[in-house]
Every structure is written in C-alpha cells, then in structure tokens.
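Going by the numbering used here, the first residue of the sequence shown is number 9, and it counts up by one from there.
The structure under discussion appears below in the form of structure tokens.
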Amino acid sequence: MSAEEVVGETSYKASPVKRRRATRAEMEERAEFLIDYAEQHGPITVRGLYYQAEVGGVPGIDKTKSGYGKVQRQVLDLRRAGRMSYADIADATRWMRKPRSHDSIHDAIAETARTYRRNLWRDADSYVEIWIEKDALAGVIYPITSRYDAPLMVARGFSSETFAYEAVAAREGDDRDYYVYYFGDFDRSGRDAANSLKEKLERFADEECVNVIFQTVAVTENQIRDLELPTRPHKRESAADRNWPHDIACELDAIPPDTLREMVETCINRHLPQHQLEIAKIAERSEREEFIKAFGGDSA
C-alpha cells in the first residue's frame, strides 16, 4: 500500500494508526461546528469547510483523506436532514446551459425591469477582472463580484489560449488600463498556471496595444503565515514539482470565505470606491423605475 493518500489534488501521509469510530457526542459536536460555520460564513465549499474544521480542532478531522471524507459525508447528511441549508454550500463546477425564454412579451419586459443592471464601470478610469483558479470557489466570491458588476473569470487550472485571447479581444476600443487580479493555490501547478495566464494575456494585449496589470493576490507565503492557514506537504513526483522551492503547499480553499471575499472587495475598491458605487446604484434604481413606468411590469 502506498505511503500516501490523496484528496483530490492533495497528498497526505497515511497514518499507520487504526482510528476509532467517533462517539455520538463527537459526531454531534462536529455537526454543530459545520452547521454554525456554514451558516455564519457561507457560501463556502465543502473543502473550505473541511479546512476550517481542521483548524478548529473538530474531533476526528485531521489532515488525511479520511478527515476530508468525514466532512464531505456529514455535510451531505446534514443537508438531507434539513439541518444545514443547501444555499450555504458553494459548488460552481456544474451548471445548466439554456437560452433565456419567457411566457410572453409582457413577461419579458417585466423580467428586464427586475434584472436591469447599470454598467457601474462606464465612467471608471480602469477596467478590472477577478480571475480564480478553481471553479468550485466561484460561488464563494460571486456575491462580491456581482455586487460590483465586476467580471469573474474562472480559469480552471491552466487557462487556454482561446480563453485568454477572448478576454483581451473583449477590450477592443477600450484604452483604459486592464487590471487582472488572480487567486490560486500556493503550489507549483498553481503558480505555473498564474504565470502562464500572465504570459498569454500580456502577449495578446501587446498585439492590441492594451496595457495589462497582472497581480497574483492569493495564496501567498505571507498570507499562510499571517492567517495561519493549514498547509500540506508539497508533491515531489515530477521534475517540475521538485523545482518548487517550498516544503509546503496551500490551497485557496484554506482561506476563510469571509477573508477571501474581503480580498476581492479590496481589489475592486481600488478602482471603484464605495461612494462611487453608491452613486451608480442610485442611478441604477432610478433608471429601473423609469423603465417600469414606461413599459409596465412589477418592480418587486
């Protein structure tokens, strides 16, 4: 049997010690932690909840495949039992594709009035995108990017040439600085993915005379120390992995969800301050009301 166990992309040392079954009291203590944390800090991924349970010293939750599996199973059981809200758990890895349709013209007009969003960046001095390595975490930070009308780009590891090209091509006719804030894992593959994306965006941007400012926001070595994030031993299977200059790795999910959302909001606020956002939101509400008066529909 291998000396390592794997959780997704994460490797942990297997323990030779046979673990006992959790008592009913320990299971309930674990359940209360998972429910309370998800309710107070959700939406959060199951993996993110596992990291917080590990940091919190929850009984039976350790840095093993077994520890993650326990959280995964219990979260499912708690939601099916109605003790944990499905809305508190984020999973943006699966979605439905379907054209938007309406029952009638009146229904379409009413829906347009309800969902009208003003371009909050129209008068901004720069253009901003938030890029994230993992699609599962998109649901964690989307409440922030949605509020600020900021594009959320899911790279899913190494971004394709096409995705990077289309991102830059969309900036045609826009001479503002193009800021890209990137969030990814602190490991060899995560850092390589960030560098690869940076190279592709800058190469295409040079061809279109677009000025790209690329910044990797998370995860950094300082954040691991300052936030006391849980880490794992870095993989050393491949030659590329052996070039990683650190003994540890850290997943983006390890950052508490509230902290991750604050990081995203801080990046956006550098370019769209709160007072400017509030002015734009007031204009948006006024324009929505004007639309409703002109074409009818329910403003609720």
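Built from N, CA and C at the ideal position, the CB exists for glycine as well.
If you're wondering where the values come from, they're calculated on a predicted model, not measured in any experiment.
Asked	Found
Buried versus exposed call for Arg296 [16 or more other C-beta atoms within 10 Å across all chains shown]	buried
Under the three-state DSSP convention, the category Thr239 falls into	coil
Spatial distance of Asn230 from Glu273 (CA atoms)	19 Å
Best match in Trp252, Gln284, Lys289 for proximity to Ala132 [C-alpha to C-alpha]	Gln284
Per-residue burial, Phe303 [other beta carbons within 10 Å of its own, 16 or more giving buried]	exposed
Cβ shell of Lys301 (< 8 Å), same chain only, five flanking positions each side left out	none
C-beta contact flag for Thr72 and Ala144 at 8 Å	no
Thr274 in three-state terms, based on DSSP	helix
Best match in Asp193, Asn219, Asp200 for proximity to Ile232 [C-alpha to C-alpha]	Asp193
Distance between Thr153 and Thr228 (C-alpha atoms, nearest Å)	21 Å
Beta strand (DSSP E) segment containing Glu137, residue limits	134-140
Between the CA atoms of Ala288 and Leu128 - distance to the nearest angstrom	6 Å
Nearest to Ile97 (by Cα), restricted to the options Arg250, Arg184, Asp44	Asp44
Neighbourhood of Val66 by C-beta distance below 6 Å, restricted to the same chain and skipping five residues each side	Arg38, Phe41
Close beta carbons around Asp261, own chain, < 7 Å, minus the five adjacent residues each side	Thr53, Arg55, Gly56, Tyr59, Leu145
C-alpha gap between Glu270 and Pro264, whole angstroms	10 Å
Residue of Ala30, Arg126, Lys142 minimising C-alpha distance to Ala158	Arg126
Where Met35 sits in the DSSP three-state scheme	helix
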